[in-house]
Amino acid sequence: MTNTDWPLWEVFVRSRRGLSHTHAGSLHAPDAELALRNARDLYTRRGEGVSIWVVPAAAITASSPDEKDPFFEPAADKPYRHPTFYEIPEGVKHL
Amino acid sequence: MATAAAHRTARTDADGARTAVGDTAEYERAFDAAVAADERIEPRDWMPDAYRATLVRQIAQHAHSEIIGMQPEANWITRAPSLRRKAILMAKVQDEAGHGLYLYSAAETLGTGRDELLDKLHSGRQKYSSIFNYPTLTWADVGAIGWLVDGAAITNQVPLCRCSYGPYARAMVRICKEESFHQRQGYELLLALSKGTEEQHAMAQDAVNRWWWPSLMMFGPPDDESQHSAQSMEWKIKRHSNDELRQRFVDICVPQAESLGLTLPDPDLRWNEERQQHDFGTIDWTEFWEVLKGNGPCNEQRITQRRNAHAEGAWVRDAAAAYAAKHTGETGAKQA
Amino acid sequence: MTATVPATAALALGDDALVLSHRLGEWAGHAPVLEEEVALANIALDLLGQARVLLSMAGDEDELAYLREERAFRNLQLVEQSNGDFAQTIARQLYFSTYQQLLYTELAGSDGPFAPLAAKAVKEVAYHRDHAELWTLRLGDGTETSRERMQRACEALWRFTGEMFQPVEGLDADWAGMEAQWLRSMTDVLGRATLAVPEGPRTGAWSAGAGRQGLHTEPFGRMLAEMQHLHRSHPGASW
């Protein structure tokens with residue numbers, strides 16, 4: 799008996815049209831075709847999806863928690879990016 | 016936070032972070048603060064080794080329980096007495112395989128692969144819930160498992176949906192949602208038997224007699240003897256003590272048993288007006304420890320079947336891997 | 124044409140689905156990899172769903188499933204064959220799901236009483252065939268061992284495949300056309316899987332007939348004994 803560990807795939811499911819794919823979990827499969835089938839059987843047994851992506855887990859590059867501050871904090875002090883930053887006189891519509 | 020955890024890099028990052036920066040104390044403060052603030056710990060966050068080890072152990076045991084737990088119920092798929100019941104049972108056993116997969120996938124985010132965990136299960140180095148070392152002798156046992164065993168599991172699991180480790184909590188949310196039908200089908204099955212013929216009623220009562228006490232044992236040893244409880248509570252992996260959950264379960268079951276027209280096999284079971292809870296008899300902890308040690312009626316049978324299925328499937332897994340190696344590149348990731 | 128349901132046809136199709144579903148259900152807890160536990164159960168559940176609709180067209184589903192004697196079952200001998208190893212299960216799936224897809228596609232396009240069921244089932248069956256094909260390719264073109272096993276399985280079940288195209292009373296279909304398509308499809312899939320198309324006869328030599336006439340193989344009696352035992356032990360009980 800050999801030990802051929804099937805690689806890990808991350809699964810993303812679009813729950814209905816109009817929504818984006820969301821991470822659902824992961825699974826093992828020897829290749830993309832079976833990964834897609836396995837994802838369908840595992841993550842959409844109750845009609846949870848209309849479309850699936852499978853991505854080799856090894857292919858994902860993620861930001862590191864150590865870089866959290868340089869990555870995300872600079873975005874927190876720019877309130878002028880949000881509509882609530884601006885004062886509009888009462889009664890002005892469609893803005 | 017990245018939505019998708021790349022598990023492999025998570026492992027090297029976690030290690031890398033510790034050696035590169037070296038200021039463990041600072042990481043530890045951040046971790047403690049996150050737990051205290053009821054935030055979730057995510058795969059690539061720094062975490063104490065013991066927290067990681069505890070989670071791997073607990074999630075693995077939980078996953079193994081789902082997989083081994085398929086066996087006692089699958090035992091009745093081919094004999095289910097109506098097509099409706101057969102469909103329900105097949106769907107339920109299938110869910111258990113699915114839940115095992117969700118959980119192995121959660122454990123994997125901590126850097127321990129499924130193959131390694133399965134090896135540990137097969138070699139007896141990791142456990143599964145002892146309840147599955149009891150046999151399903153009659154059809155009514157399928158109902159008793161649904162009502163009592165799944166009921167106890169749900170009581171245990173609902174608080175885990177708020178567990179401090181994100182992937183585990185998310186897996187549990189999914190599992191709890193799917194499991195809500197498991198308990199109801201068991202209850203409905205027992206109700207049909209209880210209200211059925213005399214033989215059917217007796218079958219249901221017999222099943223409840225055999226499953227009641229082992230179900231109470233599912234909450235683990237009493238609080239003062241529980242090895243891992245205190246630390247797990249502090250880390251918010253666990254939210255309630257074994258005895259608290261056990262009491263909650265008993266209080267839930269008593270009126271349900273009455274509606275079923277079945278008796279719970281405990282002469283000491285009665286309402287305590289003062290505590291506003293039920294008193295119940297003493298659990299036979301000798302049996303619990305013996306079954307845990309391997310001396311239950313089915314320990315050997317369950318693990319042997321699991322090992323055999325795995326060993327007999329090796330050539331299939333090898334074939335698929337060999338095919339993938341030959342054909343890589345022909346089939347890219349597909350979108351739909 | 125309104126719905127007088129041809130009972131023979133409903134039983135033939137319903138029994139096929141019921142019996143194969145039961146066989147696939149036997150895999151629970153024994154599959155070669157956890158992902159296949161889920162996949163095989165999905166297929167079994169689809170088939171059981173089809174069986175329940177079809178048997179209900181012919182009578183009471185539970186009476187028909189649990190109280191008929193072996194000789195009253197009208198399923199193909201192919202679907203009652205034991206699971207064997209995973210290769211044998213996949214070969215059985217490939218043969219049957221390809222046939223079922225062809226037949227249900229025809230029925231879905233007809234205006235007969237089976238059209239609504241067939242229209243729904245044809246989508247399920249397409250997935251079953253896809254599953255069987257993917258695995259046929261992997262087992263055939265995987266390792267030496269897997270090719271040997273898959274080839275042996277294809278050979279062993281080949282003699283049960285002729286029966287599929289025996290016309291069924293009440294089903295208006297182009298049986299000869301379906302058979303030709305089925306053979307083309309087998310040549311294609313097995314070829315891509317680097318497997319040889321079996322050369323042996325596609326029917327048994329016994330002139331008494333086969334499953335559609337109520338004549339079954341030895342494993343079937345045991346299967347029914349297990350399936351019906353509990354139900355029959357409690358006459359009149361409801362579950």
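Chains as they are written, first to last, in this note's numbering: chain A, 799 to 893; chain B, 16 to 351; chain C, 124 to 362. By construction, the Cβ of each residue, glycine as well, lies at the ideal position given by its N, Cα and C atoms. None of the values given here were measured: they were computed from a predicted structure.
Pick from the options that is closest to residue i, judged by C-alpha positions
i, options, result
"D253 (chain C)", "C:N198, C:T221 and C:M346", "C:T221"
"Y250 (chain C)", "A:G816, A:R812, A:S818 and A:R835", "A:R835"
"C268 (chain B)", "B:T127, B:A102, B:Y202 and B:K341", "B:Y202"
"A272 (chain B)", "B:G166, B:Y149, B:H114 and B:D60", "B:G166"
"E41 (chain B)", "B:E214, B:K135, B:D53 and B:D60", "B:D60"
"G211 (chain B)", "C:G344, C:L338, C:F196 and C:A360", "C:A360"
"H243 (chain B)", "B:I56, B:F46, B:A65 and B:Q200", "B:A65"
"V173 (chain B)", "B:L277, B:I252 and B:K341", "B:I252"
"L260 (chain B)", "B:L125, B:G84 and B:Q292", "B:Q292"
"L280 (chain C)", "C:R175, C:N165, C:F219 and C:N198", "C:F219"
"V108 (chain B)", "B:G161, B:N314 and B:M233", "B:G161"
"R290 (chain B)", "B:Q262, B:T297 and B:W250", "B:Q262"
"L279 (chain B)", "B:Q246, B:E305 and B:W228", "B:W228"
Contact list for residue i against chain A, beta-carbon separation under 7 angstroms
i, result
"H357 (chain C)", "Result: empty, since nearest Cβ-Cβ is about 32 angstroms, beyond 7 angstroms."
"R129 (chain B)", "H826"
Spatial distance of residue i from residue j (CA atoms)
i, j, result
"M173 (chain C)", "T228 (chain C)", "Here the sequence assigns Gln to residue 173 (chain C), which means Met is not the residue at that position. Rounded to whole angstroms, Q173 (chain C) to T228 (chain C) spans 15 angstroms at the Cα level."
"A873 (chain A)", "A49 (chain B)", "21 angstroms"
"L134 (chain C)", "S144 (chain C)", "15 angstroms"
"T310 (chain C)", "V320 (chain C)", "6 angstroms"
"Q120 (chain B)", "P887 (chain A)", "Contrary to the premise, residue 120 (chain B) reads as Ser rather than Gln in this sequence. When rounded, the distance between both Cα atoms is 53 angstroms."
"W807 (chain A)", "A822 (chain A)", "11 angstroms"
"D803 (chain A)", "A348 (chain C)", "40 angstroms"
"A316 (chain C)", "L217 (chain C)", "12 angstroms"
"A856 (chain A)", "Q304 (chain C)", "42 angstroms"
"D333 (chain B)", "R879 (chain A)", "54 angstroms"
"P312 (chain B)", "S179 (chain B)", "36 angstroms"
"A222 (chain B)", "A207 (chain B)", "14 angstroms"
"T18 (chain B)", "T820 (chain A)", "At T18 (chain B) the pLDDT is 37, less than 50, meaning the model places this residue with poor confidence and gives no usable figure here."
"D297 (chain C)", "Q223 (chain C)", "13 angstroms"
"E194 (chain B)", "A162 (chain C)", "19 angstroms"
"A25 (chain B)", "A106 (chain B)", "With a pLDDT of only 42 at A25 (chain B), under 50, the local geometry of the prediction cannot be trusted, and no value is derived from it."
"N287 (chain B)", "G139 (chain B)", "42 angstroms"
"V176 (chain C)", "L125 (chain B)", "46 angstroms"
"Q200 (chain C)", "F237 (chain C)", "22 angstroms"
"V142 (chain C)", "I74 (chain B)", "37 angstroms"
"F343 (chain C)", "R270 (chain C)", "28 angstroms"
"T800 (chain A)", "E267 (chain C)", "Bear in mind that the predicted position of T800 (chain A) carries a pLDDT of just 43, short of 50, making it unreliable; the figure below should be weighed with that in mind. Cα to Cα, T800 (chain A) sits roughly 14 angstroms from E267 (chain C)."
"T340 (chain C)", "A331 (chain C)", "13 angstroms"
"G309 (chain B)", "E315 (chain B)", "7 angstroms"
"G296 (chain B)", "L277 (chain B)", "18 angstroms"
"H892 (chain A)", "P877 (chain A)", "21 angstroms"
Proximity of residue i and residue j at Cβ, strictly below 8 angstroms
i, j, result
"A336 (chain B)", "P828 (chain A)", "yes"
"G93 (chain B)", "G148 (chain C)", "Residue identity check: residue 93 (chain B) is Thr in the sequence provided, not Gly. Yes, they are a contact pair."
"L104 (chain B)", "V164 (chain B)", "no"
"P155 (chain C)", "E327 (chain B)", "yes"
"F46 (chain B)", "P58 (chain B)", "no"
"E278 (chain C)", "V312 (chain C)", "no"
"A168 (chain B)", "G115 (chain B)", "no"
"Y149 (chain B)", "S80 (chain B)", "no"
"L825 (chain A)", "A833 (chain A)", "yes"
"T170 (chain B)", "F264 (chain B)", "yes"
Near the ligand SAH: residue i beta-carbon under 7 angstroms from a heavy atom
i, result
"K253 (chain B)", "The model depicted lacks the ligand SAH and carries no ligand whatsoever."
Listed by chain order, chain C residues near residue i by CB distance under 8 angstroms
i, result
"L825 (chain A)", "E158"
"D333 (chain B)", "G265, T266, T268 and S269"
"R94 (chain B)", "E349, M350, H352 and L353"
"E831 (chain A)", "L257"
Interface residues of chain C facing residue i [CB-CB closer than 9 angstroms]
i, result
"Y338 (chain B)", "L260, R261, L262, G263, D264, G265, T266 and S269"
Proximal residues of chain B, C-beta to C-beta of residue i below 7 angstroms
i, result
"D377 (chain C)", "Any answer about residue 377 (chain C) is impossible in this case: the structure gives chain C only from 124 up to 362."
"H153 (chain C)", "A324"
"R175 (chain C)", "L98"
Partners in chain A for residue i, counting only beta-carbon separations shorter than 8 angstroms
i, result
"H254 (chain C)", "R835"
"A162 (chain C)", "R835, N836 and D839"
Where residue i meets chain E, residues with beta-carbon distance less than 9 angstroms
i, result
"E327 (chain B)", "Given the protein chain composition of this structure (A, B and C), no chain E is represented."
Cross-chain neighbours of residue i in chain B, by beta carbon under 8 angstroms
i, result
"L168 (chain C)", "A102, M105, A106 and Q109"
Stretch-stretch touch, CB-based, cutoff 8 angstroms, three pairs: the segment 308 to 322 of chain B with the segment 239 to 249 of chain C: Two segments are said to touch when three or more pairs of C-beta atoms, one from each, lie closer than 8 angstroms; by this definition the segment 308 to 322 of chain B does not touch the segment 239 to 249 of chain C.
The segment 201 to 216 of chain C / the segment 288 to 305 of chain C touching (three or more Cβ pairs under 8 angstroms): When Cβ pairs closer than 8 angstroms are counted between the two stretches, the segment 201 to 216 of chain C is seen not to touch the segment 288 to 305 of chain C, the count staying below three.
Touch test, the segment 210 to 219 of chain B against the segment 235 to 254 of chain B, Cβ-Cβ under 8 angstroms, three pairs minimum: With a cut-off of 8 angstroms, the segment 235 to 254 of chain B and the segment 210 to 219 of chain B do not count as touching, because too few Cβ pairs lie within range.
Cβ contact check for the segment 184 to 193 of chain C and the segment 338 to 353 of chain C: 3 or more pairs under 8 angstroms: Three or more pairs of CB atoms, one per stretch, sit closer than 8 angstroms, so the segment 184 to 193 of chain C contacts the segment 338 to 353 of chain C.
At least 3 beta-carbon pairs within less than 8 angstroms: the segment 841 to 861 of chain A vs the segment 805 to 820 of chain A: Touching, yes.
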